[in-house]
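In what follows, a structure is listed as structure tokens, so that the remarks can point back to it.
There are 2 protein chains.
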Amino acid sequence: MTSVSAEPRWLEPDEMRAWRAYVIASELLRQQLNRELQEKHGLALPDYEVLVRLSEREGWQMRMSQLAGQLASSKSRLSHQISRLEKAGFVRRLNCAEDARGVVAELTPKGMDMLRTAAPVHVQGVREHLVDLMSPAEQEVVAGLFERVIEHLDLT
Amino acid sequence: MTSVSAEPRWLEPDEMRAWRAYVIASELLRQQLNRELQEKHGLALPDYEVLVRLSEREGWQMRMSQLAGQLASSKSRLSHQISRLEKAGFVRRLNCAEDARGVVAELTPKGMDMLRTAAPVHVQGVREHLVDLMSPAEQEVVAGLFERVIEHLDLT
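Structural data, given as structure tokens:
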């Protein structure tokens, strides 16, 4: 019997319980955080995440390719998203001075204002719906496990 | 100072580490599992999840409202999704015999065939990219934590 035709290793009950809980909870959490930002600030969660990443950088700038990597987004999806954020006046696109191929996204002062306004709502949601539900020991497990997942998926 | 104007409780470094790892890993994982199903079976991950839920039920049927709850989906989003799955021949919609308001989604034999074909690919991805990266102790933490999150979010 080759490994291709072999019966897959189906999940054991304990594995299934962990996987199901994780999958449902992540979807509920994503929707809840998105809803809170949309209702209070008209901002989608993925857009909020773009503003955060740019705000953390020197000069509020980042190469589009690097930003796509950090957000686990495809280049074409990010490009559409940045176009929307440009129209809203939160971000602008520049050509990279050192590299003719590179395009850089830059947070505008208006984008920074939006981020400062929206951040307290978002962090309150993140606390209320996840972080404050974790013990310090659980935090440590979550950090270690998901860093391992990131390392594994970045290499595949 | 009222609680409304109070400075939000920003995340501490350990909390931020856990949150960041979780957010990035979930997004990478969702994309990877979706890509694998799309490439090998032309099926999106949320569609796969609909087929799974129906297949687990007596008569392969479930009320649309109940299905929406189990998938953490809105009724309108699920309705669009079921329309696509109906066109593909994987699902059909029926009126509920006991309840004039209820609409029921039913898995077709063609849908069950698709599920049987796609399931080994999906379970292999779930194992490789998450489950096999967890120790039994981590599984227990993940199950307990995310069940708590589900309970919390179902009530908000």
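Going down the list, the protein sequences come from chains Y and Z.
Taking the numbering used here, the leading residue of the first sequence gets 49, the next gets one more, and so forth.
Taking the numbering used here, the leading residue of the second sequence gets 49, the next gets one more, and so forth.
A virtual CB, placed ideally from N, CA and C, is assigned to each residue, including glycine.
Fully enclosed alpha helix (DSSP H) runs of no fewer than 4 residues occupy 61 to 89, 93 to 103, 112 to 118 of the stretch 59 to 122 of chain Z, in order along the chain. Taking the beta carbon of Ile-72 of chain Z as reference, the chain Y residues within 7 Å of it are Ala-120, Ile-198, listed in sequence order.
Val-179 of chain Y belongs to the set of residues whose beta carbon lies under 8 Å from a beta carbon in chain Z. Taking all protein chains shown into account, Gly-159 of chain Z has 16 or more neighbouring C-beta atoms within 10 Å of its C-beta and is therefore buried.
Taking 8 Å as the cut-off, the Cβ atoms of Arg-101 of chain Y and Gln-79 of chain Y do not count as close. A Cβ of chain Y is located within less than 8 Å of the beta carbon of Trp-67 of chain Z.
Between the alpha carbons of Arg-141 of chain Z and Val-98 of chain Z lies a gap of roughly 13 Å. Separation of Glu-188 of chain Y and Glu-176 of chain Y (C-alpha to C-alpha, rounded to the nearest whole angstrom) is 18 Å.
In this structure, the CA atom of Asp-180 of chain Y is about 15 Å from the CA atom of Ala-191 of chain Y. Taking every protein chain shown into account, the CB of Glu-60 of chain Z has fewer than 16 other CB atoms within 10 angstroms, so this residue is exposed. In the DSSP assignment, Ala-153 of chain Z forms a beta bridge with Z:Met-110, Z:Arg-141. In the same chain as Ser-103 of chain Y, and ignoring 5 residues on each side of it, the C-beta atoms closer than 7 Å to its own belong to Leu-155, Met-160, Leu-163, in chain order. Trp-108 of chain Z and Asp-202 of chain Z have their alpha carbons spaced roughly 25 Å apart. Contact between Ala-145 of chain Z and Met-112 of chain Z fails: their C-beta atoms lie close to 14 Å from each other, not under 8 Å. Here His-170 of chain Z is buried, its C-beta having at least 16 other C-beta atoms within 10 Å.
When the Cα atoms are used, Lys-123 of chain Z and Ser-183 of chain Z turn out to be separated by approximately 37 Å.
Using a Cβ-Cβ cut-off of 8 Å, Phe-194 of chain Y counts as an interface residue toward chain Z, since at least one Cβ of chain Z sits closer than that to its own. For Ala-166 of chain Z, the closest Cβ of chain Y is not nearer than 8 Å. For Ala-191 of chain Y, the nearest beta carbon of chain Z is closer than 8 Å to its own beta carbon. Within the stretch 72 to 88 of chain Z, the residues whose Cβ lies closer than 7 Å to any Cβ of chain Y are, in chain order, Ile-72, Ala-73, Ser-74, Glu-75, Leu-76, Leu-77, Gln-79, Gln-80.
Within chain Z, the residues placing a beta-carbon under 7 Å from that of Pro-56 of chain Y are Pro-168, Val-171, Gln-172, ordered along the chain.
Taking CB atoms only, Gln-129 of chain Y has no neighbour in chain Z less than 8 Å away.
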